[in-house]
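Residue numbers in the sequence shown follow the numbering used here, run continuously in steps of one, and reach 368 at the last position. No residue lacks a Cβ here, since even glycine has one placed at the ideal position from N, Cα and C. None of these values were measured; they are calculated from a predicted model. Note sheet for the following structure.
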Amino acid sequence: MQPDILARLIDTGGIQTWGSRDLVLKPNEAVTIIADGKIQDTLSETVLKSYTGGWGRWLGSRIGLGSTDHKLLFTMTGPFDLLFLIDGQLGDGSHARGMAALRLQFNREDCAKLLNVFANGPRLLDRGFFVRLYERELEERVIRPLLAEYADGRQLRGREFQDAFEMSCRAEMRSSFGLAGLTLLKAYCTVNQTDVERLAAYQHQAQLAQDSRQVDADASLAQLERARAATLARIEMENDIAHAQARGKAARKLEHELKNLRKHEASLHAEREHAQGMADVRVGEQGAELQSAMAAFEIVQQKKQERMRMQAKLNGERQEQTDVMQREMMQMAAEKAVLTPEVMLEFLKQQTKQKEADK
Numbered sequence: 010m011q012p013d014i015l016a017r018l019i020d021t022g023g024i025q026t027w028g029s030r031d032l033v034l035k036p037n038e039a040v041t042i043i044a045d046g047k048i049q050d051t052l053s054e055t056v057l058k059s060y061t062g063g064w065g066r067w068l069g070s071r072i073g074l075g076s077t078d079h080k081l082l083f084t085m086t087g088p089f090d091l092l093f094l095i096d097g098q099l100g101d102g103s104h105a106r107g108m109a110a111l112r113l114q115f116n117r118e119d120c121a122k123l124l125n126v127f128a129n130g131p132r133l134l135d136r137g138f139f140v141r142l143y144e145r146e147l148e149e150r151v152i153r154p155l156l157a158e159y160a161d162g163r164q165l166r167g168r169e170f171q172d173a174f175e176m177s178c179r180a181e182m183r184s185s186f187g188l189a190g191l192t193l194l195k196a197y198c199t200v201n202q203t204d205v206e207r208l209a210a211y212q213h214q215a216q217l218a219q220d221s222r223q224v225d226a227d228a229s230l231a232q233l234e235r236a237r238a239a240t241l242a243r244i245e246m247e248n249d250i251a252h253a254q255a256r257g258k259a260a261r262k263l264e265h266e267l268k269n270l271r272k273h274e275a276s277l278h279a280e281r282e283h284a285q286g287m288a289d290v291r292v293g294e295q296g297a298e299l300q301s302a303m304a305a306f307e308i309v310q311q312k313k314q315e316r317m318r319m320q321a322k323l324n325g326e327r328q329e330q331t332d333v334m335q336r337e338m339m340q341m342a343a344e345k346a347v348l349t350p351e352v353m354l355e356f357l358k359q360q361t362k363q364k365e366a367d368k
């Protein structure tokens with residue numbers, strides 16, 4: 010059978026050939042033999058010799074020998090995948106779209122259950138038939154209720170969502186799959202990018218672009234800072250060179266001036282030595298003159314002091330005589346009762362004049 014064909018029901022009475030045909034069953038194929046409405050056996054990995062067609066079978070059917078209703082149910086027993094569309098709303102109202110993959114298998118012992126499907130279906134069952142058969146039930150019982158439990162599209166990327174999807178498929182679809190003899194091996198889904206994820210991706214891209222611009226700006230600023238530092242270093246180096254050259258010129262000029270100053274200092278030192286010698290000579294002469302002058306001055310002072318002592322002695326004697334005479338005159342005036350204030354005032358005036366004259 011073709012890869013997309015999963016089961017086929019054949020009425021062997023419709024196979025009319027002159028020669029009989031052998032049926033070769035591969036490891037992933039099984040055939041269920043149905044005769045007169047009864048299931049006889051299910052075979053796999055075997056060869057059925059002269060099982061269909063041939064002159065003998067045609068003749069037997071004509072004269073009423075053998076079974077009148079003979080059918081063969083061929084089934085693919087290997088695992089196969091059915092793909093279902095996912096279209097539902099999350100808890101936040103955003104849509105989630107994608108694909109759900111269910112890996113199923115027909116067990117050899119359950120192949121006869123496919124007769125339940127063939128009773129109201131075509132004689133050839135492919136993947137598309139089973140997708141149409143189960144898509145509405147899967148959407149209503151598994152996909153939509155499960156998506157409503159998640160508030161954010163980013164939560165659909167976690168392992169928890171995949172485990173919950175598989176468990177829901179096993180729990181909700183077990184009876185439907187069991188009626189057709191199907192066994193669920195694996196279930197998973199792939200969800201497209203949701204609105205929240207698009208927004209997060211846009212925000213990430215915007216942040217990345219902003220970070221890139223910031224990095225470029227920082228790089229530009231760093232480059233400008235390096236250029237500024239290099240310029241400042243060059244200016245400082247040029248300034249140092251100019252200062253060094255100026256210091257060299259100034260040093261040479263100062264050295265020349267220092268030599269001139271040393272020459273001038275030497276000449277001044279010689280002149281100072283000469284002047285010092287002349288000054289010493291003059292000081293010696295002046296010292297001798299000063300000593301002679303001081304000696305003369307001391308003699309004069311001694312004579313002056315002697316004269317002043319003699320003058321003071323004479324003044325004292327004259328004052329004593331004056332005082333004696335004045336006491337006598339006052340005594341006489343008192344005796345004669347002529348000692349009046351006017352006399353006393355005149356007496357004091359005469360005494361004052363005498364003292365001023367003694368000075």
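So what does DSSP say about residue i, is it helix, strand or coil?
i: methionine 341; result: helix
i: leucine 68; result: Annotation note: pLDDT 48 at leucine 68 (below 50); position unreliable, coordinate value reported separately. Correct three-state label for leucine 68: helix.
i: methionine 108; result: strand
i: tyrosine 159; result: coil
i: methionine 85; result: strand
i: threonine 41; result: strand
i: leucine 52; result: strand
i: leucine 91; result: strand
i: glutamine 320; result: helix
i: aspartate 101; result: coil
i: glutamine 314; result: helix
i: glutamine 11; result: coil
i: proline 350; result: helix
When you compare only the Cα positions, how much space is there between residue i and residue j?
i: glutamate 274; j: alanine 242; result: 44 angstroms
i: glycine 187; j: aspartate 90; result: 17 angstroms
i: proline 350; j: glutamine 359; result: 14 angstroms
i: glutamate 118; j: proline 36; result: 14 angstroms
i: methionine 334; j: methionine 303; result: 45 angstroms
i: serine 185; j: aspartate 101; result: 31 angstroms
i: aspartate 227; j: serine 221; result: 10 angstroms
i: arginine 271; j: alanine 279; result: 12 angstroms
i: lysine 362; j: aspartate 332; result: 14 angstroms
i: asparagine 201; j: arginine 163; result: 11 angstroms
i: lysine 322; j: glutamine 285; result: 53 angstroms
i: lysine 268; j: glutamine 254; result: 21 angstroms
i: alanine 173; j: threonine 86; result: 27 angstroms
i: leucine 81; j: arginine 112; result: 26 angstroms
i: glutamine 49; j: lysine 122; result: 14 angstroms
i: methionine 176; j: glutamine 219; result: 43 angstroms
i: arginine 327; j: glutamine 295; result: 46 angstroms
i: leucine 193; j: glutamine 212; result: 40 angstroms
i: threonine 51; j: arginine 106; result: 41 angstroms
i: glutamine 9; j: lysine 312; result: The chain is shown only over 10 to 368; residue 9 falls outside these bounds and no answer can be derived.
i: valine 309; j: leucine 354; result: 42 angstroms
i: alanine 110; j: glutamate 158; result: 20 angstroms
Tell me the residue span of the beta strand (DSSP E) that contains residue i.
i: alanine 16; result: 14-20
i: aspartate 135; result: 133-135
i: leucine 165; result: Careful: leucine 165 lies outside any beta strand (DSSP E) and carries neither H nor E.
Measuring alpha carbon to alpha carbon, tell me which residue in the options is nearest residue i.
i: asparagine 4; options: Met341, Ser53 and Arg281; result: This structure leaves residue 4 out entirely; the chain is present only between 10 and 368.
i: glutamate 38; options: Asn125, Glu355, Pro88 and Lys313; result: Pro88
i: arginine 136; options: Asp225, Asp13 and Val56; result: Asp13
i: glutamate 148; options: Gly130, Arg336, Ile95 and Met317; result: Ile95
i: glycine 46; options: Gln310, Leu99, Ala128 and His104; result: Ala128
i: leucine 15; options: Tyr197, Arg235, Leu191 and Ala196; result: Leu191
i: aspartate 161; options: Phe138, Ser177 and Ser103; result: Ser103
i: methionine 182; options: Ala196, Phe170, Glu315 and Gln171; result: Ala196
i: glutamine 11; options: Thr41, Phe83, His79 and Asp50; result: Phe83
i: cysteine 120; options: Arg336, Ile42 and Leu277; result: Ile42
i: glutamine 171; options: Arg145, Arg132, Ala105 and Thr199; result: Thr199
i: arginine 179; options: Ala157, Glu158 and Glu146; result: Glu146
i: methionine 338; options: Leu357, Met246, Lys258 and Gly325; result: Leu357
i: leucine 34; options: Arg17, Ala239 and Val56; result: Val56
Can you give me the start and stop residues for the alpha helix (DSSP H) that residue i sits inside?
i: leucine 34; result: Note, leucine 34: premise wrong, no alpha helix (DSSP H); not H, not E.
What residue ranges within the stretch 168-254 form continuous beta strand (DSSP E) runs of no fewer than 3 residues, ordered along the chain?
Counting only runs of 3 or more, we get 191-200.
Which runs of the alpha helix (DSSP H) at least 4 residues long sit entirely within the stretch 119-154? Give them in chain order.
The stretch 119-154 contains these whole alpha helix (DSSP H) runs: 124-127 and 136-147.
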